[in-house]
Structures are given as C-alpha cells and as structure tokens.
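Chemist:
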C-alpha cells in the first residue's frame, strides 16, 4: 500500500478524478484528495471525502493543522495531479506555492505524476510546453493528453488520459524497480499470429497478447518510445505506436523494420512455427470429403534472425511457452536463439497459460541471472524483466 496525494485541478476533466480515486482505493492505496478552489466548481468536495481514505482538503487554512502541506508532502509516497491545468503546471514549473496543492508538492520529495487536461490551443501554447519541459527535466512524470472530445464540443489534443491509463502510470511509477527509459526505443511483439488456410479458416493459437501489452505499457510509463507489433490490437496508450499484423511473415517483416535504432526488443508474441504450404484463394468445401490433409512448412525464426544481426547495441528478450522440461528448454533456447534474456512459462499450469491476467515464469540471462516469479500479474513480469534488461545494459 502506498500513501498517495490525489490533486484535482479546476477543469471539466475533474469528474475523471472520481474514477481514478476509486481505482487507486480498490488497489489498496491510502489516498488523500486535494482539490483546488477551482476544482470545486466542477466536482464536489463531499464526493471525494466519501470515497477517499480521509476527507478531501481544499484550503491551507481549513482545519486545525497549521502546516497541512508539510505533513501531506512529507508522508506522501507519490503525488498524482489529474487533471493538471495550465495554471497548475505553471505554478509547479516556476516554484509558486500559493494554495494547498502547489504548497504540498513543493513540500514533498515524492515522485509526481501529472495528467494534463486543457483545450488544444492551450496545450500547444509555447508557455505551457516550456513549463512541461521544465517539469520533465525535474523528473516529473507526464501522462500525455490524448486526442478526443474536449469542452464545448471541440475535438483535439488536450483531453486528459483515461483514469485507468493514469492508474497504470501510478503503478509503474511506484514500482521499486523503476528505471528511466526516456530517450530509449523499445520494440515489443504481442499476440498469436494466424496462418491462413483459405479466406475463412486459419491455424493459430490461444495467445491473447496480454503479456506483450504489459511490456509495452510499463516501458511507456517509464518514458520509452514503444512500438508494439501485435496480432491482437489493444486500446491506444500514450507513447505506444501499434503496428497490427496477422501472419508470422508479416510480424517478421515489421519486427525487422522497427528494430532499427531500438535499444531493446521483447519478443513476447506466440508466433506460429508453421504455415500452410498452399493457400486456397476460395473457401475449401466440406462436401464430398471425409478428411483433409494440410501440408505445412516452417516459418522463419524471427527472434533468432533478429538477434543474429550485428545492427546496433540492442538487447533481446525472448519468450518460450512450454509444456514440459521448462528449465532445460529455456537453457537451450537462451543460447540457440542468441538472446540476452529468455522468459519461459509452463502453459499447463493454472494462472500461467494463455489469456490469463497472471503468469508464472522462469527468467534466465546470458549473464547468469535467474528469476522465478509465481502467479504474479503480467505487469509484474514486465517490471522485473525490464529492470533486469536495464541492469544488464548498465553492467556491459
């Protein structure tokens, strides 16, 4: 459990902070809301008080504590401001502490996560962008606003990220293993590829892509620019660019293309080992058949071909879904595929197979590192493996 101060600025997106509060509370955190005076014009202080760990606060002078900002700032593990208006961003960038929220931030050494929300013209204003750069340089975590509906029926960039996205940034920022991936490019593959038999049928597997998506989200929250090459498209996420593919051949082409200038490649996709040798351009009819034989041919080994390249100083993480002899198979694949880290799971174990929210994995590295994670969230797997990859790069 973490102690979180949830700051709420005065904008129409303030209603989203209620949902964010519910999410943070459900995850077991101790949350203290601080609303600006302007925020109370959009949402009620009572609403936040009813849902939070302790009553919401608005003023420096509303209760008996003569220095509430000092106490709140000192005991916070993290401060999250959502929505963060242009006014709040300006105060923090320029050291202004003239209300409870800004004073609490100034009186704290906690990590600060900010989710800006404003009209597109305001977001693009040179002064706002200058202030954002100042905060980034100071180590603040900025959750980029998205493109979508704004106040008064307008559409543009400046919409506050959805509450679940902000919660993702909070969780990843709180991770003790968090590393700074700003300026790094991470390429992740996800999902199960499909090999067409005819226009109707295909050969595939049950991979949902959840583990790869978890890697993409954690890397993005830690500041990386992420390319997610996926056979299972997912909702948009800040700093993640999706490349949607279907077959192993398409994934191979995309991965080789996107690998350029990458610092880390995570091959989490469940790629089909074989494809149909002859694709039928029309639907194969059942009539008159008691059986059908398919001739299959091997697909290329995407991970091995990527790792074999001498292009750049990229680290490679591979995945192996096994049903027996897990560690033996992992050791073989660690060296046969030429990767830096191999992550394997026994897909027959409950809570560790395809389309689950948890995973149980064994992680081996060519440096001799070994991790065992039992029935943890796929986000936790991503956190541990990304931290290990970063540590290996620092050691090299």
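In the working numbering, the protein residues as written are 1316 to 1711. Idealized CB from N, CA, C, for every residue including glycine.
1. Is residue 1631 helix, strand or coil by DSSP?
2. Based on the DSSP output, what are the partners of residue 1582 in its beta bridges?
3. List the endpoints of the continuous alpha helix (DSSP H) containing residue 1377.
4. Looking at the unbroken alpha helix (DSSP H) that takes in residue 1403, where does it start and where does it end?
5. With distance defined between alpha-carbon atoms, name the residue in 1370, 1376, 1428, 1567 nearest to residue 1407.
6. Output the distance between the C-alpha atoms of residue 1554 and residue 1601, rounded to the nearest integer angstrom.
7. What does the Cβ neighbour count give for residue 1413, buried or exposed, with the cut at 16 atoms within 10 Å?
8. Taking the beta strand (DSSP E) that residue 1348 falls in, what are its first and last residues?
9. Identify whether residue 1526 lies in helix, strand or coil by the three-state DSSP scheme.
10. Would you mind reading off the limits of the alpha helix (DSSP H) that contains residue 1644?
11. Going by DSSP, name the residue or residues bridged to residue 1426.
12. Looking only at its own chain, which residues have a Cβ that is under 7 Å from the Cβ of residue 1327, when we skip the five neighbours before and after it?
13. Name the DSSP bridge partner or partners of residue 1491?
14. Does the Cβ-Cβ distance between residue 1561 and residue 1508 come in under 8 Å?
15. Which same chain residues, not among the five before or five after residue 1695, have their C-beta less than 8 Å away from its C-beta?
16. Quick check: the Cα distance between residue 1590 and residue 1613, rounded to an integer number of angstroms?
17. Closer than 8 Å is the cut-off here; do at least three beta carbon pairs connect the segment 1424-1441 with the segment 1360-1379?
18. Excluding the 5 residues flanking residue 1705 on each side, which residues of the same chain have their C-beta closer than 6 Å to its C-beta?
19. Who does residue 1321 pair with in a DSSP beta bridge?
20. From the DSSP output, which residues share a beta bridge with residue 1680?
21. Just checking my contact of residue 1635 with residue 1657 at CB under 8 Å: how many whole Å lie between their CB atoms?
22. Suppose contacts are defined by Cβ-Cβ distances below 8 Å. Is residue 1385 in contact with residue 1425 by that definition?
23. Going along the chain, which residues of its own chain have a beta-carbon closer than 7 Å to the beta-carbon of residue 1354, five neighbours each way excluded?
24. Give me the DSSP bridge partner(s) of residue 1662.
25. For residue 1487, which residues in the same chain have their Cβ closer than 6 Å to its Cβ, ignoring the five residues on either side in sequence?
26. Judging by CA-CA distance, which residue of 1618, 1416, 1667, 1347 is the nearest neighbour of residue 1638?
27. Determine contact between the segment 1496-1515 and the segment 1473-1482, defined as no fewer than three beta-carbon pairs at a distance below 8 Å.
28. According to DSSP, is residue 1431 part of a helix, a strand, or is it coil?
Modeler: If we stick to the structure as given:
1. strand
2. 1504, 1633
3. Here residue 1377 belongs to no alpha helix (DSSP H), and DSSP marks it neither H nor E.
4. 1401-1408
5. 1428
6. 47 Å
7. exposed
8. 1345-1350
9. helix
10. 1641-1651
11. 1393
12. 1357, 1466
13. BP columns for residue 1491 are empty, so no partner.
14. yes
15. 1688
16. 6 Å
17. no
18. 1494
19. 1348, 1395
20. 1656
21. 6 Å
22. no
23. 1323, 1324, 1325, 1329
24. None; residue 1662 has no bridge partner.
25. 1533, 1536
26. 1667
27. no
28. strand
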